[in-house]
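**Student:** Residue numbering for the sequence shown follows this note's numbering, starting at 75 and increasing by one per position.
Can you keep this structure in mind? I'll have questions shortly.
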Amino acid sequence: MAERRPLTARDVKSNVEGYSEMSDEAFARRFYSDRAELLALGVPLQSQRDEFTGEELYTLRSENYFLPQLDLKDDELAALQTALYLLEGKFAYAEPLRLALQNLALGRPGFNDAAT
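Right, dumping it as structure tokens:
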């Protein structure tokens, strides 16, 4: 959904991981549920009707979901890196967390070899 143009539900189904293998009926239920969940999380999925085709078009604007700059103190970053180390092999999102911590640590003195 990181497109600059509005997408139809068919486009979303084809391009968003996890949707393409679903039946149309399962996709419709899941897409409706996911839209409600995004809204509950404060991430509005905007929709509009295409004036020519009548299809519903969806837009997920990055300014509505990107977080502000996160400035962690060194001890906070170290605590997160320690938690990641202790959860090795037990946390499904260990790799994305490791990469996120690496980005947060980039350029900090003493954190050049962040959580590898």
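Glycine included, each C-beta is placed from N, C-alpha and C at the ideal position.
Identify whether SER97 lies in helix, strand or coil by the three-state DSSP scheme.
**Tutor:** Residue state, collapsed to three classes: coil.
**Student:** So, at 7 Å on beta carbons, what are the nonlocal neighbours of VAL117 in its own chain, with the 5 sequence-adjacent residues on each side left out?
**Tutor:** Within the same chain, VAL117 has close Cβ partners ASN138 and TYR139.
**Student:** Locate the beta strand (DSSP E) running through GLN120, then write down its first and last residues.
**Tutor:** Unbroken beta strand (DSSP E) run through GLN120: 120-123.
**Student:** Considering only C-alpha positions, which residue in the set ALA102, SER136, LEU141 and ASP149 is nearest to GLU130?
**Tutor:** Closest by alpha carbon: ALA102.
**Student:** Taking 7 Å as the cut-off, decide whether the C-beta atoms of TYR159 and LEU81 are in contact.
**Tutor:** The answer is no: Cβ separation not under 7 Å.
**Student:** Would the segment 171-180 and the segment 141-155 be scored as touching if the rule is three or more Cβ pairs under 8 Å?
**Tutor:** Yes, the segment 171-180 touches the segment 141-155.
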